[in-house]
Amino acid sequence: MKRLWPLVATLRHIAADRRGATAVEYALVVAAIMLAIFTGLQQIGVSLNGVARFLAGQLRIDTR
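Quick note on the working numbering: the sequence shown kicks off at 10 and runs consecutively.
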């Protein structure tokens, strides 16, 4: 049983450390920002695709 106490003390120390929680929060913020950027870029791509198809139709270019 005496061998278990250092392990318990170490686990309590790790559980009390809040630096890991801050890192996780920053990671979640970065993930949310990246999701917003990717969504925005996808919408820009869809818009550019529509413009390209419109111009191709005006120029009578077959895009198939």
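Where a beta carbon is used, it is the ideal one built from N, C-alpha and C, also for glycine. Owing to the predicted nature of the structure, the values given are computational and were not obtained by experimental measurement.
- Message: For the alpha helix (DSSP H) containing residue 12, name the first residue and the last one.
- Response: Where residue 12 is concerned, there is no enclosing alpha helix (DSSP H), given that its DSSP letter is neither H nor E.
- Item | Which of helix, strand or coil DSSP assigns to residue 28 | Residue state, collapsed to three classes: helix.
- Task: Report the rounded CA-to-CA distance for residue 55 versus residue 31, giving the unit in angstroms.
- Result: Those two C-alpha atoms are separated by around 36 Å.
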